[in-house]
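S.K.: My questions will all concern the structure given below.
Residue numbers (my numbering): 2 to 306.
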């Protein structure tokens with residue numbers, strides 16, 4: 002399936018660590034000659050603080066806030082980039098997640114780029130955040146960019162292209178993984194990246210214990226061999242000749258093995274599939290993809306089926 006990336010939306014809350022997400026957005030826009038929308042959502046003062054109407058001119062305050070944010074967004078992108086790209090600043094009003102999703106749907110956005118707030122592997126702040134809600138409701142894939150505490154708000158090398166030397170594609174061979182595979186292949190082909198295909202054989206500790214106690218290690222080995230065979234089948238033959246693919250089957254906790262593989266291979270991007278609309282709430286409560294997004298040290302592209 003062809004992958005189209007012609008209209009990009011980068012959503013920001015104007016926090017100090019928005020630089021990496023903006024850099025990714027600009028680099029992808031240049032690479033794909035895509036239109037770029039930079040969006041920030043301001044609160045609706047009328048609904049959030051209705052009592053202010055008796056104290057100040059709320060309409061004027063709302064307009065001043067809009068103009069101030071617009072000016073800030075314009076300062077982020079060098080003029081040299083504006084001459085090269087079609088860039089538009091969007092200041093919305095209301096619920097950030099709802100407005101991001103609405104704008105993406107109404108403007109045929111192909112990819113949303115948004116930063117995550119934490120990289121600490123012990124925290125769960127991601128759940129319930131704007132980023133999580135956007136991934137749940139977005140009509141297109143979402144690229145989450147982790148913050149880098151040492152990077153300036155707008156990095157000095159923002160005009161330099163990103164490098165995707167290695168891309169990790171973890172799969173459980175389900176239908177929703179196939180759509181994500183299309184993106185992993187397309188990006189690997191575009192950037193001449195090494196594509197690492199990963200399968201993690203997972204079983205409950207109790208099952209593993211009983212198998213080992215019964216000396217049924219051959220069953221585990223059979224599952225591993227089956228996974229290896231499936232990995233060999235998922236890349237079309239014509240693409241396999243020009244893509245640089247590596248295949249790996251690991252055993253253990255899927256999210257932990259994915260994170261470890263990403264670190265071991267120094268990957269620049271993880272591409273993962275996710276369930277569709279009806280199952281997305283259940284999917285996001287403690288599952289593999291959510292944990293990887295929250296804890297990965299590199300960007301994660303989430304593609305819903």
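For each residue, glycine too, the CB sits at the ideal point set by N, CA and C.
Rounded to a whole number of angstroms, what is the C-alpha to C-alpha distance between residue 301 and residue 223?
M.R.: For this step, residue 301 is matched to residue 300 along the chain shown. For this step, residue 223 is matched to residue 222 along the chain shown. Their Cα atoms are separated by approximately 31 Å.
S.K.: Going by Cα to Cα distance, which pick from 238, 227, 188 and 31 is closest to residue 82?
M.R.: On the chain shown, residue 82 is found 81 positions in, with the first residue counted as 1. Ranking the options by Cα distance to residue 82, first place goes to 31.
S.K.: Give me, in chain order, the residues of the same chain whose beta-carbon lies closer than 8 Å to that of residue 7; leave out the 5 immediate sequence neighbours on both sides.
M.R.: Taking the first residue of the chain shown as position 1, residue 7 is located at position 6. Excluding positions up to five away in sequence, the list reads 33, 34, 35, 36 and 111.
S.K.: In chain order, what residues of the same chain lie with their CB nearer than 6 Å to the CB of residue 136, ignoring the 5 residues before and after it?
M.R.: Numbered from its first residue, the chain shown carries residue 136 at position 135. Answer for residue 136: 143 and 303, listed in chain order.
S.K.: Rounding to the nearest angstrom, what Cα-Cα distance links residue 227 and residue 80 in this structure?
M.R.: Residue mapping note: residue 227 aligns to position 226 of the chain shown, counting from 1. Residue mapping note: residue 80 aligns to position 79 of the chain shown, counting from 1. Residue 227 and residue 80: Cα-Cα distance of roughly 54 Å.
S.K.: Using DSSP with H/G/I as helix, E/B as strand and the rest coil, what is residue 245?
M.R.: Residue 245 sits at position 244 when you count from the first residue of the chain shown. Residue state, collapsed to three classes: strand.
S.K.: Taking residue 145 and residue 294 to be in contact with their CB atoms under 8 Å, please state how far apart those CB atoms are, rounded to whole angstroms.
M.R.: Indexing the chain shown from 1 puts residue 145 at position 144. Indexing the chain shown from 1 puts residue 294 at position 293. Correct: roughly 5 Å between the Cβ atoms.
S.K.: Going by DSSP in three states, residue 255 sits in which element: helix, strand or coil?
M.R.: Numbered from its first residue, the chain shown carries residue 255 at position 254. In this structure, residue 255 counts as helix in the three-state DSSP scheme.
S.K.: In whole angstroms, give me the CA-to-CA distance for residue 164 and residue 267.
M.R.: In the chain shown, residue 164 corresponds to position 163, counting from 1. In the chain shown, residue 267 corresponds to position 266, counting from 1. Going by the C-alpha atoms only, they are around 12 Å apart.
S.K.: Going by DSSP, which residues form a beta bridge with residue 41?
M.R.: Position 40 of the chain shown holds residue 41. Its beta-bridge partners are 92.
S.K.: When DSSP builds the beta bridges, which residues end up paired with residue 69?
M.R.: The residue given as residue 69 occupies position 68 in the chain shown. BP columns for residue 69 are empty, so no partner.
S.K.: What residues in its chain sit with their C-beta under 8 Å from that of residue 147, if we drop five residues either side in the sequence?
M.R.: As a first step, residue 147 must be located in the chain shown, where it is residue number 146. Around residue 147: 21, 116, 117, 120, 297, 298, 299 and 300.
S.K.: Would you list the one or two residues that DSSP bridges to residue 170?
M.R.: Along the chain shown, read from residue 1 onward, the residue named residue 170 stands at position 169. Note: residue 170 sits in a beta bridge opposite 198.
S.K.: I need the straight-line Cα distance from residue 99 to residue 290, nearest angstrom please.
M.R.: Looking up residue 99 in the chain shown gives position 98. Looking up residue 290 in the chain shown gives position 289. Roughly 22 Å between the two C-alpha positions.
S.K.: According to DSSP, is residue 135 helix, strand or coil?
M.R.: For this step, residue 135 is matched to residue 134 along the chain shown. Helix, per DSSP.
S.K.: Check the C-beta distance from residue 188 over to residue 169 and give it rounded, since I have them as a contact under 8 Å.
M.R.: Numbered from 1 along the chain shown, position 187 holds the residue referred to as residue 188. Numbered from 1 along the chain shown, position 168 holds the residue referred to as residue 169. In fact, because the Cβ distance is near 11 Å, the residues do not count as touching under 8 Å.
S.K.: Measuring CB to CB, does residue 251 end up less than 8 Å from residue 186?
M.R.: Along the chain shown, one-based indexing puts residue 251 at 250. Along the chain shown, one-based indexing puts residue 186 at 185. Cβ atoms of residue 251 and residue 186: not closer than 8 Å.
S.K.: Are residue 92 and residue 184 close, meaning C-beta to C-beta below 8 Å?
M.R.: As a position in the chain shown, residue 92 is number 91, starting the count at 1. As a position in the chain shown, residue 184 is number 183, starting the count at 1. No, Cβ-Cβ distance for residue 92 and residue 184 is not below 8 Å.
S.K.: Restricting to Cα atoms, I'd like to know which of 288, 166, 181 and 138 is closest to residue 269.
M.R.: Position 268 of the chain shown holds residue 269. When only C-alpha atoms are compared, the closest one is 166.
S.K.: Taking the alpha-carbon positions, what's the residue 113 to residue 10 distance?
M.R.: In the chain shown, the residue the question calls residue 113 occupies position 112. In the chain shown, the residue the question calls residue 10 occupies position 9. Cα to Cα, residue 113 sits roughly 5 Å from residue 10.
S.K.: Given this structure, state the Cα-to-Cα distance separating residue 150 from residue 19, to the nearest angstrom.
M.R.: To locate residue 150, count along the chain shown from 1; it is residue 149. To locate residue 19, count along the chain shown from 1; it is residue 18. Only weak support exists for where residue 150 lies, its pLDDT of 38 falling under 50; the coordinates are left without a value.
S.K.: Please report the distance separating the alpha-carbon of residue 96 from that of residue 133.
M.R.: The count along the chain shown starts at 1 and reaches residue 96 at position 95. The count along the chain shown starts at 1 and reaches residue 133 at position 132. Their backbone Cα atoms lie some 14 Å apart in a straight line.
S.K.: Helix, strand or coil for residue 304 per DSSP?
M.R.: One-based indexing of the chain shown puts residue 304 at position 303. Looking at residue 304 - three-state DSSP - the assignment turns out to be strand.
S.K.: From the DSSP output, read off the bridge partner residues of residue 116.
M.R.: Here residue 116 refers to the residue found at position 115 when the chain shown is read from its first residue. Answer is 146.
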